[in-house]
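In the numbering used here, the protein residues as written are 29 to 269. Ideal Cβ placement from N, Cα and C applies to all residues, glycine included.
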């Protein structure tokens, strides 16, 4: 079981953090696609941002002039919200894996369903067009996926170089990106809350059970919670009258 800690104890990273509720915890922005899978989590607890920002300040420059931090987690866990606020706070550049989405069914990859979450994303293009240039201190320029049209946008996204680069979204810490990502944060939100957010965002006819199964398998077998450098809660804080 992870020990209880405060932000000042994060100097010895990686570290596992446990908040009082028992949930473990640790801009310069690119373009926004018209629609995202992970648009939930507007009520992200302040503690999550505090922990993530403290960790990033310690990680900055530890592996070179540019530090790339992944913010991963299930759909609607609060990744996008945390990553955006983190970039504003740390003056970081932001890349979304949703910009590199590709509408390919997992079964088309020829692999086991649960092992194929990466087939939903063009990780090779993410490396080549975004993370590679940014890690080298250059601007990233690419055509993002347009969620309304179901194809790449006609326009281009420009992401400026920065000392901190945050890449957020499912698969942002996938093994295929290991050499380009220095640290990884997992946003942990109860399943009931995540699915409730998704139900409010996705029309019934667009609900994708295969996606959810593939995503679950990814976090069970490929990127389990204990493989991350930091885990923060994406659960909405309790409301007080």
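Identify the residues that DSSP records as bridge partners of residue i: which are they?
i           : result
residue 168 : 187
residue 180 : 173
residue 149 : 129
residue 99  : 196 and 213
Short of 7 Å in beta carbon distance, which residues of its chain neighbour residue i, apart from the five on each side in sequence? Order them along the chain.
i           : result
residue 84  : 97, 114, 118 and 192
residue 215 : 99, 101, 105, 106, 107, 110, 260 and 262
residue 204 : 146 and 151
residue 149 : 125, 128, 129, 130 and 199
residue 76  : 53, 110, 260, 261 and 262
residue 161 : 167 and 168
Considering only residues of the same chain and omitting the five flanking positions on each side of residue i, which have a CB-CB separation below 8 Å?
i           : result
residue 165 : 93, 94 and 189
residue 252 : none
residue 273 : The first residue shown for the chain is 29 and the last is 269, placing residue 273 beyond what the model contains.
residue 91  : 210
residue 266 : none
By the 10 Å Cβ neighbour count, where 16 or more other Cβ atoms means buried, how is residue i classified, buried or exposed?
i           : result
residue 172 : buried
residue 275 : This structure leaves residue 275 out entirely; the chain is present only between 29 and 269.
residue 185 : buried
residue 177 : exposed
residue 187 : buried
residue 87  : buried
residue 232 : exposed
residue 197 : buried
residue 220 : exposed
residue 271 : Given a span of 29 to 269 for the chain in the structure shown, any question on residue 271 remains unanswerable.
residue 179 : exposed
residue 183 : exposed
residue 206 : exposed
residue 163 : buried
residue 112 : buried
Tell me which same chain residues have a C-beta within less than 6 Å of the C-beta of residue i, skipping the five on either side of it?
i           : result
residue 21  : Nothing in the structure corresponds to residue 21, since the chain is present only between 29 and 269.
residue 153 : 128
residue 246 : 145
Quick check: the stretch 214 to 226 against the stretch 123 to 130, are there 3 or more CB pairs under 8 Å?
no
Review point. Taking only runs of the beta strand (DSSP E) that begin and end inside the stretch 192 to 232, which ones reach a length of at least 3 residues, in chain order?
Key: 192 to 196 and 211 to 216
Original post:
Does the stretch 229 to 241 come close enough to the stretch 252 to 267 that 3 or more CB-CB pairs lie under 8 Å?
Top reply: no
Quiz item: Whole alpha helix (DSSP H) runs in the stretch 236 to 265 with 4 or more residues, listed along the chain?
Solution: 237 to 245
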